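K.L.:
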Amino acid sequence: MQFDLQRARYETPGCKFVKHFNNAGSSLISQPVLEAIISHLQLEAQLGGYEATNQAEGAVEHVYDAAAALLNCSRDEIAFAENATRAWDMLFYSVPLRPGDRILTSISEYGSNYLAFLHLMKRMGITIAPIPNDEYGQTSVDALKNMLDERVKLIAITYVPTNGGLVNQVAAIGKVAREAGILYLVDACQAVGQMPVDVQAIGCDLLATTGRKYLRGPRGTGFLYVRRSVLEQLTPPFIELHTARWLAPDRYQLRQDARRFESWEINYAGKIGLGVAIDYAMQWSLEAIWQRVQLLAERLRSQLSEIAGVTVHDLGRVRCGIVTFTLAGMSPAEIKQHLAQHKMNVTVTRQEATLLDMTARGLDNMVRASVHYYNSEEEIDALCEVVARLKTKQL
Ligand SMILES: *Cc1c(COP(=O)(O)O)cnc(C)c1O
Numbered sequence: 045m046q047f048d049l050q051r052a053r054y055e056t057p058g059c060k061f062v063k064h065f066n067n068a069g070s071s072l073i074s075q076p077v078l079e080a081i082i083s084h085l086q087l088e089a090q091l092g093g094y095e096a097t098n099q100a101e102g103a104v105e106h107v108y109d110a111a112a113a114l115l116n117c118s119r120d121e122i123a124f125a126e127n128a129t130r131a132w133d134m135l136f137y138s139v140p141l142r143p144g145d146r147i148l149t150s151i152s153e154y155g156s157n158y159l160a161f162l163h164l165m166k167r168m169g170i171t172i173a174p175i176p177n178d179e180y181g182q183t184s185v186d187a188l189k190n191m192l193d194e195r196v197k198l199i200a201i202t203y204v205p206t207n208g209g210l211v212n213q214v215a216a217i218g219k220v221a222r223e224a225g226i227l228y229l230v231d232a233c234q235a236v237g238q239m240p241v242d243v244q245a246i247g248c249d250l251l252a253t254t255g256r257k258y259l260r261g262p263r264g265t266g267f268l269y270v271r272r273s274v275l276e277q278l279t280p281p282f283i284e285l286h287t288a289r290w291l292a293p294d295r296y297q298l299r300q301d302a303r304r305f306e307s308w309e310i311n312y313a314g315k316i317g318l319g320v321a322i323d324y325a326m327q328w329s330l331e332a333i334w335q336r337v338q339l340l341a342e343r344l345r346s347q348l349s350e351i352a353g354v355t356v357h358d359l360g361r362v363r364c365g366i367v368t369f370t371l372a373g374m375s376p377a378e379i380k381q382h383l384a385q386h387k388m389n390v391t392v393t394r395q396e397a398t399l400l401d402m403t404a405r406g407l408d409n410m411v412r413a414s415v416h417y418y419n420s421e422e423e424i425d426a427l428c429e430v431v432a433r434l435k436t437k438q439l
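Position in the sequence shown counted from 1, then plus 44, gives you the numbering used here.
See below:
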């Protein structure tokens, strides 16, 4: 089936202004998302904030149905959050862990997640064990099996790391976790919106993601999934009037759905916009998006690797829309700056964001060019031409 690129670009106002290769940072939002956000802000200005929320209740509540359809779960297993980190934190800090308990995680786990592990290591004496990679650079499923014992209380895996094309085998890991009866938490921040993500197929108990990356939602939005059967094991690190009922001076009751992890006060325009972004992605079909993203990323990788001095660093057997590279003799920051002069957005992925992986590979930082389905083949060719000329300038 032909991908309607013209329509994708027409419905993305930013395409007129920039060549955007920072979709792993924050994608360009679509016209319907932009309109939904603006119209809710207008409603707030005209009616008052609370009154606007009441009037827009259908659109606000729709987020749960949209997210449930996207992830293949039910709406009461979804909670809204202000970003992926908070969503992930709410899940992680709810897991009943005790001194000596062990967390198994991926080498390319996201920095903020790893900091949370270290935080609990310091505060309560849990232990952390990174699972070695297989020969493709993926979290090794066999190594994971060999690391299981009665101390392991959580398996926490990053689906797609922030620093490259790697796609971890989250479903194979889920099978191991289920057989061992161990809680399984997936950071799907870079996966959701880029590829089909199905929590039943993955077999995870917990999953967190963001709105602004491949889903093309507003900034300041995220959401989480919690499997209904594990909800009762999880104690939120903090509660409030929205998440618990104050029944008597000495008594309260937690909400009985995933929303026990939410905050009462949030950005409603963003929440509505997120629902629209999810609908919009599903209307393109995640299968079609995933196919096109892979096609574009492979085009970028193959052209970049033909440029003298360029090294492409992406790991994995299946590789996604995140492309990372370095150029001999020029720092990633300088490359980013040069590209910006041509109105091309890339970013620099820093060692600290995925410290274990970067130090193991002897990498300091890299240019990250992340493509989305609305990027054109011409944009990719143009990016490579600029990079090739940079090299010439250096010599
Ligand atoms: C960006 C990112 C996060 C954090 O998401 P926020 O929405 O910025 O909190 C977590 N994990 C991965 C893999 C990421 O790339």
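Backbone N, C-alpha and C define an ideal beta-carbon position, used for all residues, glycine too. Predicted model, so just to flag it, every value in this text is computed and none were measured.
#1: Can you give me the C-alpha to C-alpha distance between E105 and P281, rounded to a whole angstrom?
#2: Write down the C-beta distance between N177 and M402 rounded to the nearest angstrom, noting that I regard them as a contact closer than 8 Å.
#3: Determine, using beta carbons only, whether Y203 and A332 come nearer to each other than 9 Å.
#4: Mapping DSSP to helix, strand and coil, what is G266?
#5: Flag this pair as yes or no: are the beta carbons of A313 and I81 separated by less than 9 Å?
#6: For the alpha helix (DSSP H) holding P76, just list the boundary residues, first then last.
#7: Applying the criterion that 16 or more other CB atoms from any shown protein chain within 10 Å of the CB defines a buried residue, is T458 buried or exposed?
#8: Counting along the chain, where does the beta strand (DSSP E) carrying P174 start and finish?
#9: Based on the DSSP secondary-structure assignment, which residues constitute the bridge partners of A200?
#10: I need the straight-line Cα distance from I147 to C59, nearest angstrom please.
#11: So, with DSSP's three-state summary, where would you put N66?
#12: Regarding A128 and ligand 1, is the C-beta to nearest heavy atom distance less than 8 Å?
#13: What first and last residue would you give for the alpha helix (DSSP H) that runs through L330?
#14: Mind checking whether the beta-carbon of W334 lies closer than 8 Å to any heavy atom of ligand 1?
#15: In angstroms with no decimal places, state the Cα-to-Cα distance between P57 and G261.
#16: If you pair each beta-carbon of the stretch 223-242 with each one of the stretch 328-348, do three or more pairs fall below 8 Å?
#17: Run through DSSP, which three-state label would I122 get?
#18: Relative to the C-alpha of W334, which residue among I366, N311, W308 is closest?
#19: Spell out a yes or no on whether the stretch 127-143 and the stretch 264-279 are touching, meaning 3 or more CB-CB pairs, one atom from each, closer than 8 Å.
#20: Contact between the stretch 356-366 and the stretch 209-218 is defined here as three or more beta-carbon pairs at a separation below 8 Å; is this criterion met?
#21: Any heavy atom of ligand 1 within a distance shorter than 8 Å of the CB on A100?
#22: Can you give me the C-alpha to C-alpha distance between A432 and I379, rounded to a whole angstrom?
#23: Within 10 angstroms of its Cβ, does M134 collect 16 or more other Cβ (buried), or is it exposed?
#24: Quick check on V362: does DSSP put it in helix, strand or coil?
#25: Would P198 and D242 qualify as a contact pair, given that the criterion is a beta-carbon distance under 9 Å?
#26: State yes or no: is the C-beta of S71 within less than 9 Å of the C-beta of K257?
#27: Considering only heavy atoms of ligand 1, does any lie closer than 8 Å to the CB of G266?
#28: Tell me whether S307, by its Cβ, gets closer than 8 Å to a heavy atom of ligand 1.
#29: Which residues mark the beginning and the end of the beta strand (DSSP E) in which W290 is found?
#30: Note down, in chain order, each residue of its chain lying with its Cβ closer than 6 Å to the Cβ of R394, except the 5 sequence neighbours on either side.
#31: Under three-state DSSP, which class holds Y440?
#32: Out of A292, E421, T287, A245, state which residue places its alpha-carbon closest to the alpha-carbon of Q300.
#33: For a test of your reading of the model: does the CB of Q234 fall under 8 Å from any non-hydrogen atom of ligand 1? Yes or no.
#34: Leaving out five residues on either side along the sequence, give the residues of the same chain with a beta carbon under 6 Å from the beta carbon of A123.
#35: Mark D231 as exposed unless 16 or more other C-beta atoms lie within 10 angstroms of its C-beta, in which case mark it buried.
#36: Tell me the rounded alpha-carbon separation between C364 and D120.
P.N.:
Let me spell this out:
#1: Locating residue 105 in the sequence shown gives position 61, counting from the first residue. Locating residue 281 in the sequence shown gives position 237, counting from the first residue. Going from the Cα of E105 to the Cα of P281 covers about 25 Å.
#2: Along the sequence shown, one-based indexing puts residue 177 at 133. Along the sequence shown, one-based indexing puts residue 402 at 358. So it is not a contact: roughly 13 Å between Cβ atoms.
#3: On the sequence shown, residue 203 is found 159 positions in, with the first residue counted as 1. On the sequence shown, residue 332 is found 288 positions in, with the first residue counted as 1. Result no, Cβ atoms of Y203 and A332 do not sit closer than 9 Å.
#4: Locating residue 266 in the sequence shown gives position 222, where the first residue counts as 1. G266 falls in the strand class under three-state DSSP.
#5: Taking the sequence shown and counting its residues from 1, the one referred to as residue 313 is at position 269. Taking the sequence shown and counting its residues from 1, the one referred to as residue 81 is at position 37. Yes, they are a contact pair.
#6: As a first step, residue 76 is located in the sequence shown; it is residue number 32 there, counting from the start. Element bounds for P76: 75-91.
#7: The first residue shown for the chain is 45 and the last is 439, placing residue 458 beyond what the model contains.
#8: Counted from its first residue, the sequence shown places residue 174 at position 130. From DSSP, the beta strand (DSSP E) with P174 extends over 171-175.
#9: Position 156 of the sequence shown, counted from the start, is the residue given in the question as residue 200. Beta-bridge pairing links A200 to T149, L229.
#10: Position 103 of the sequence shown, counted from the first residue, corresponds to residue 147. Position 15 of the sequence shown, counted from the first residue, corresponds to residue 59. Cα to Cα, the separation comes out at about 43 Å.
#11: Residue 66 sits at position 22 when you count from the first residue of the sequence shown. In the structure shown, N66 sits in a strand (DSSP, three-state: E or B).
#12: In the sequence shown, counting from the first residue as 1, residue 128 sits at position 84. Yes - ligand 1 has a heavy atom lying nearer than 8 Å to the Cβ of A128.
#13: One-based indexing of the sequence shown puts residue 330 at position 286. Counting along the chain, the alpha helix (DSSP H) containing L330 begins and ends at 330-349.
#14: Taking the sequence shown and counting its residues from 1, the one referred to as residue 334 is at position 290. It does not: the Cβ of W334 is nowhere closer than 8 Å to a heavy atom of ligand 1.
#15: Reading the sequence shown from its first residue, position 13 is the one you call residue 57. Reading the sequence shown from its first residue, position 217 is the one you call residue 261. Approximately 14 Å between the Cα atoms of the pair.
#16: yes
#17: As a position in the sequence shown, residue 122 is number 78, starting the count at 1. I122: strand per DSSP, three-state reduction.
#18: Indexing the sequence shown from 1 puts residue 334 at position 290. Looking at the Cα atoms, I366 is the closest of the given residues.
#19: yes
#20: yes
#21: Along the sequence shown, one-based indexing puts residue 100 at 56. No, Cβ of A100 sits at least 8 Å from all heavy atoms of ligand 1.
#22: Within the sequence shown, the letter at position 388 stands for residue 432. Within the sequence shown, the letter at position 335 stands for residue 379. So the alpha carbons of these two residues sit roughly 11 Å apart.
#23: By one-based count along the sequence shown, residue 134 stands at place 90. That one is buried.
#24: One-based indexing of the sequence shown puts residue 362 at position 318. In this structure, V362 counts as coil in the three-state DSSP scheme.
#25: On the sequence shown, position 154 is the one that residue 198 refers to. On the sequence shown, position 198 is the one that residue 242 refers to. Strictly speaking, residue 198 in this sequence is Leu, with Pro absent from that position. Going by C-beta atoms, L198 is not nearer than 9 Å to D242.
#26: Taking the first residue of the sequence shown as 1, we reach residue 71 at position 27. Taking the first residue of the sequence shown as 1, we reach residue 257 at position 213. For S71 and K257, yes; Cβs fall inside 9 Å.
#27: Along the sequence shown, one-based indexing puts residue 266 at 222. Yes.
#28: One-based indexing of the sequence shown puts residue 307 at position 263. Not so, every heavy atom of ligand 1 lies at least 8 Å from the Cβ.
#29: Start at 1 with the first residue of the sequence shown, and residue 290 comes out as number 246. First-last of the beta strand (DSSP E) with W290: 288-292.
#30: As a working mapping, residue 394 is identified with position 350 in the sequence shown. Excluding positions up to five away in sequence, the list reads N409.
#31: One cannot answer for residue 440 here, as it falls past the ends of the chain, which runs 45 to 439.
#32: Translated into the one-based positions of the sequence shown, residue 300 becomes position 256. The residue with the shortest Cα to Cα distance from Q300 is T287.
#33: As a working mapping, residue 234 is identified with position 190 in the sequence shown. Yes - ligand 1 has a heavy atom lying nearer than 8 Å to the Cβ of Q234.
#34: Position 79 of the sequence shown, counting from 1, holds the residue named residue 123. Within the same chain, A123 has close Cβ partners L268, A302, R303, F305, E306.
#35: The residue labelled residue 231 in the question sits at position 187 within the sequence shown. Label assigned to D231: buried.
#36: Translated into positions along the sequence shown, residue 364 becomes position 320. Translated into positions along the sequence shown, residue 120 becomes position 76. If you take the alpha carbons of C364 and D120, they lie about 30 Å apart.
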